[in-house]
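S.K.: So for the sequence shown, my numbering puts the first residue at 25; every next one is plus one.
No residue lacks a Cβ here, since even glycine has one placed at the ideal position from N, Cα and C.
Quick caveat: nothing in here was measured; it's all calculated off a predicted structure.
Shown below is the structure under consideration.
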Amino acid sequence: MEMVDQPHVVMISVLLQGHVKPLLCLAELLSEAGLFVTFVNTHHNHKRFSNLPEITNNLPNLHFVSISDGLPDDHPRDSFDLEYFFGINSATKPYFKELILSYLRDNSGDAPLQPRVSCIIADGVFSFPIDVAEELEIPIFSFIAHSARYLWEYFTIPKLIHGVDDHDHHLLPSDAMPGFELGRNDLPGFNMETLNSPVVQFLVGESLAMTRTSGLILNTIDDLEASCLPYITHHFRKLYTVGPLHVLLNSRVGDRSQLMASHGSFWKSDQNCMTWLDSQPSRSVLYVSFGSVVKTSCSNLLEFWHGLVDSGRPFLWVLRRDVISDGKESNGEIYEELQKGPKERVCIVEWAPQEQVLGHSAIGGFLTHCGWNSILENIVARVPMICWPNWGDQSINSECVVKLWKFGVELDAKDRSSIEKTINTLMGHQREELQLGVDRIAKRLEDGIHEGGSSYNNVEMLVGDLRKMKLLE
25 MEMVDQPHVV MISVLLQGHV KPLLCLAELL SEAGLFVTFV NTHHNHKRFS NLPEITNNLP
85 NLHFVSISDG LPDDHPRDSF DLEYFFGINS ATKPYFKELI LSYLRDNSGD APLQPRVSCI
145 IADGVFSFPI DVAEELEIPI FSFIAHSARY LWEYFTIPKL IHGVDDHDHH LLPSDAMPGF
205 ELGRNDLPGF NMETLNSPVV QFLVGESLAM TRTSGLILNT IDDLEASCLP YITHHFRKLY
265 TVGPLHVLLN SRVGDRSQLM ASHGSFWKSD QNCMTWLDSQ PSRSVLYVSF GSVVKTSCSN
325 LLEFWHGLVD SGRPFLWVLR RDVISDGKES NGEIYEELQK GPKERVCIVE WAPQEQVLGH
385 SAIGGFLTHC GWNSILENIV ARVPMICWPN WGDQSINSEC VVKLWKFGVE LDAKDRSSIE
445 KTINTLMGHQ REELQLGVDR IAKRLEDGIH EGGSSYNNVE MLVGDLRKMK LLE
């Protein structure tokens with residue numbers, strides 16, 4: 025097929041690695057299926073990709089472009105800064121609109137031939153791509169990088185607020201949250217104070233904006249979130265559950281799977297940790313990672329450090345250089361303390377190839393912040409978990425792991441004694457019970473990604489629908 029005759033899908037994600045990575049997996053899947061894909065990122069994030077040349081060399085149908093986010097280079101771009109977070113829609117929209125307009129103009133002169141834009145797939149956390157698509161009359165799909173349950177929370181919030189008794193702002197109506205197997209008391213953060221916060225109200229608005237699109241794409245699997253998916257379906261023209269995307273991608277790229285495991289990362293993985301794991305006994309190592317965004321105080325990190333050391337277990341700890349929230353002056357204190365540890369059973373790296381680590385035979389447990397990508401990667405690897413949620417979807421993910429799927433334990437306190445006790449619970453007397461739990465969930469996941477499974481079929485349906493977009497131009 026000539027390049028100009030291919031469907032052209034423009035995909036955009038402008039914020040966090042946890043959003044960019046699964047959307048990039050989808051971009052690669054669509055490229056493998058023969059679609060022309062342009063992946064749009066901000067200049068700031070584009071420069072942070074750790075292995076962009078390898079990806080582009082292997083996927084000629086996948087192209088990368090970047091746009092300004094309207095901020096100077098030295099801006100910290102802290103996603104916890106509300107002024108920055110709320111300003112992304114207005115700051116980035118004009119640059120994205122100009123890019124799409126450039127793709128709609130006729131190709132001429134010396135410019136490389138490329139198909140006209142057929143549709144847009146956009147990270148659903150911001151609504152500006154939806155506004156642009158409507159203004160230019162281009163079909164658009166929203167993509168969600170977190171769980172379906174977390175999305176459904178935001179659809180239920182208006183009803184929750186409306187149903188609350190004015191005399192008791194901490195009680196929530198029992199019938200306002202259909203689609204949740206967990207009781208309302210198990211859903212973290214649900215009280216009137218949090219429901220009325222500016223952040224929650226912003227996310228409610230952005231979530232509801234997605235109903236204006238041609239469909240919703242979720243990095244999840246039908247059987248894992250069957251209770252809430254029927255309710256979400258009523259709000260969208262089409263729903264595509266296509267997860268776990270990293271597994272579907274790896275199943276189709278053959279000997280490139282190791283390359284793909286680190287794609288979309290803003291940090292370069294330290295492969296020395298894999299050599300260290302090779303020297304450790306089977307299922308003996310606790311893997312510790314708080315993801316790409318979570319920050320905590322130096323004092324909290326020291327409690328984790330002492331709890332890990334006191335457990336007596338070997339551990340691999342991912343410790344980002346920006347993880348300390350207290351400022352640079354605290355870095356010296358923590359790293360001085362780390363030098364005193366038992367080096368023979370400790371490996372500390374700034375970033376690790378997480379899919380490879382979790383799949384290593386030496387890994388016996390995972391202490392995690394409970395980001396959705398980490399949950400999915402962990403289920404595939406069949407590793408019991410210690411849950412330490414911090415913000416966003418992490419709390420409800422943790423509740424599902426511990427109370428619904430039953431393959432993890434929650435870290436209730438952050439003092440060294442509690443951390444030590446929880447580690448030895450996971451790696452000791454509850455290990456076999458938790459292992460059975462994660463094996464059971466992994467089997468349900470695997471059934472969906474094989475040929476004929478729900479996620480496999482939904483990817484095929486999505487590709488077919490995107491091809492039709494070209495015919496409708």
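(1) Would you grab the beta carbon distance between G148 and S166 for me? Rounded to a whole angstrom, and I think it's under 8 Å.
(2) Using CA atoms only, rank isn't needed, just tell me which of L125, E122, S126, H259 is closest to Y178.
(3) Which term fits P153, buried or exposed, when burial requires 16 or more other beta carbons within 10 angstroms of its beta carbon?
(4) For my contact list, V407 and L391 are in at a C-beta cut-off of 8 Å; report their separation, rounded to the angstrom.
(5) Using DSSP with H/G/I as helix, E/B as strand and the rest coil, what is V38?
(6) In chain order, what residues of the same chain lie with their CB nearer than 7 Å to the CB of D463, ignoring the 5 residues before and after it?
(7) Could you give the first and the last residue of the continuous alpha helix (DSSP H) run that contains F503?
(8) Check whether the stretch 54-65 and the stretch 31-38 are in contact - that is, three or more C-beta pairs closer than 8 Å.
(9) Give every residue of the same chain whose Cβ lies closer than 7 Å to the Cβ of L273, excluding the five residues on either side of it in the sequence, and list them in chain order.
(10) Comparing C-alpha positions only, which one of T80, H68, A157 sits nearest to D98?
(11) Under the three-state reduction of DSSP, which class applies to W176: helix, strand or coil?
(12) If contact is defined by three or more beta carbon pairs under 8 Å, each pair taking one atom from either stretch, is the stretch 391-405 in contact with the stretch 414-425?
(13) What whole-angstrom Cβ distance do G331 and S398 have, given they're in contact under 8 Å?
(14) Rounded to the nearest angstrom, what separates L340 and V370 at their Cα positions?
(15) Taking the alpha helix (DSSP H) that I443 falls in, what are its first and last residues?
(16) Who are the near neighbours of T257 in its chain, counting only those whose CB is closer than 8 Å to its CB and skipping five residues on each side?
(17) Would you mind working out which of N324, L95, G472 sits nearest W412, comparing C-alpha positions?
(18) Would you tell me roughly how many angstroms separate the C-alpha atoms of P338 and A157, rounded to the nearest one?
(19) So, under 8 Å CB-CB, T299 and S478 are touching, yes? Tell me the CB distance rounded to an integer number of Å.
(20) Around the Cβ of H270, are there at least 16 other Cβ atoms within 10 angstroms (buried) or fewer (exposed)?
(21) Could you check how far apart the C-beta atoms of P182 and Y255 are, in whole angstroms? I think they sit under 8 Å.
(22) In three-state terms, what does DSSP make of L123?
(23) Use the C-beta contact count for A376: other C-beta atoms within 10 angstroms, 16 or more gives buried, fewer gives exposed.
(24) List in chain order: all unbroken beta strand (DSSP E) runs of 3+ residues lying wholly within the stretch 57-92.
(25) Quick one: Cα of K445 to Cα of R455, how far?
(26) Going by DSSP in three states, G133 sits in which element: helix, strand or coil?
(27) Return the bridge partner residues of E434 from the DSSP annotation.
(28) Who does T244 pair with in a DSSP beta bridge?
(29) Does the beta-carbon distance from N243 to I348 come in below 9 Å?
(30) Using a threshold of 9 Å, state whether the C-beta atoms of Q30 and P118 are closer than that.
(31) Measure the C-alpha to C-alpha separation of S238 and E249 and round it to an integer number of angstroms.
(32) Chain C beta carbons: is any one of them nearer than 9 Å to that of S349?
(33) Buried or exposed for F110, please, with buried defined as at least 16 other CB atoms from any protein chain shown within 10 angstroms of its CB.
(34) Suppose only complete runs of 4+ residues qualify. What are the alpha helix (DSSP H) ranges in the stretch 328-379, listed by chain order?
(35) For Q378, count neighbouring Cβ atoms within 10 angstroms of its own Cβ and tell me buried if that reaches 16, exposed if not.
(36) Once DSSP output is grouped into helix, strand and coil, what is the label at F152?
M.R.: From the atom records:
(1) Between S166 and G148 the Cβ distance is about 4 Å, and since that is below 8 Å, they are a contact.
(2) Closest by alpha carbon: H259.
(3) The residue in question, P153, is buried, as its Cβ has 16 or more Cβ neighbours within 10 Å.
(4) Taking a contact as a CB-CB distance under 8 Å, the pair V407 and L391 does not count as one, their CB atoms being some 11 Å apart.
(5) For V38, the three-state secondary structure derived from DSSP is coil.
(6) For D463, where only same-chain residues beyond five positions count, the Cβ hits under 7 Å are R406.
(7) For the chain, the structure presents residues 25 to 497; residue 503 sits outside this window and is missing.
(8) The stretch 54-65 is in contact with the stretch 31-38.
(9) Cβ neighbours of L273 beyond the five flanking positions: C49, E52, L53, M284.
(10) Nearest C-alpha to D98: H68.
(11) The answer is helix: DSSP assigns W176 an H, G or I state.
(12) Here the stretch 414-425 makes contact with the stretch 391-405; the two share three or more CB pairs at distances below 8 Å.
(13) Not confirmed; about 20 Å, so no contact.
(14) Taking the Cα positions, L340 is about 6 Å away from V370.
(15) Counting along the chain, the alpha helix (DSSP H) containing I443 begins and ends at 440-451.
(16) Counting only residues of its own chain and dropping the five nearest sequence neighbours on each side, T257 has a CB closer than 8 Å to the CB of L263.
(17) When each option's Cα is compared against that of W412, the closest is N324.
(18) Each residue's alpha carbon lies about 51 Å from the other.
(19) The pair is not a contact, with the Cβ atoms about 38 Å apart (cut-off 8 Å).
(20) Buried, by the Cβ-count rule.
(21) Contact flag wrong, Cβ pair sits at about 14 Å.
(22) Three-state DSSP puts L123 in a helix.
(23) Note on A376: 16 or more other CB atoms within 10 angstroms of its CB, so buried under the neighbour-count rule.
(24) Fully enclosed beta strand (DSSP E) runs of 3 or longer: 60-66, 86-91.
(25) In a straight line, the C-alpha of K445 is about 13 Å away from that of R455.
(26) Only weak support is given to the placement of G133: the predicted model assigns it a pLDDT of 44, under 50, and the value that follows is read from those uncertain coordinates. It is coil, neither helix nor strand.
(27) The partner list for E434 (beta bridge, DSSP) reads C411.
(28) In the DSSP assignment, T244 forms no beta bridge with any residue.
(29) The beta carbons of N243 and I348 sit no closer together than 9 Å.
(30) Contact annotation: Q30 and P118 have beta-carbon atoms that are not nearer than 9 Å.
(31) Going from the Cα of S238 to the Cα of E249 covers about 22 Å.
(32) Any reference to chain C falls outside this structure, which holds one protein chain only.
(33) Exposed, because fewer than 16 other Cβ atoms sit within 10 Å of the Cβ of F110.
(34) For the stretch 328-379, whole alpha helix (DSSP H) runs of length 4 or above, ordered along the chain, are 355-362.
(35) Buried, because 16 or more other Cβ atoms sit within 10 Å of the Cβ of Q378.
(36) F152 falls in the helix class under three-state DSSP.
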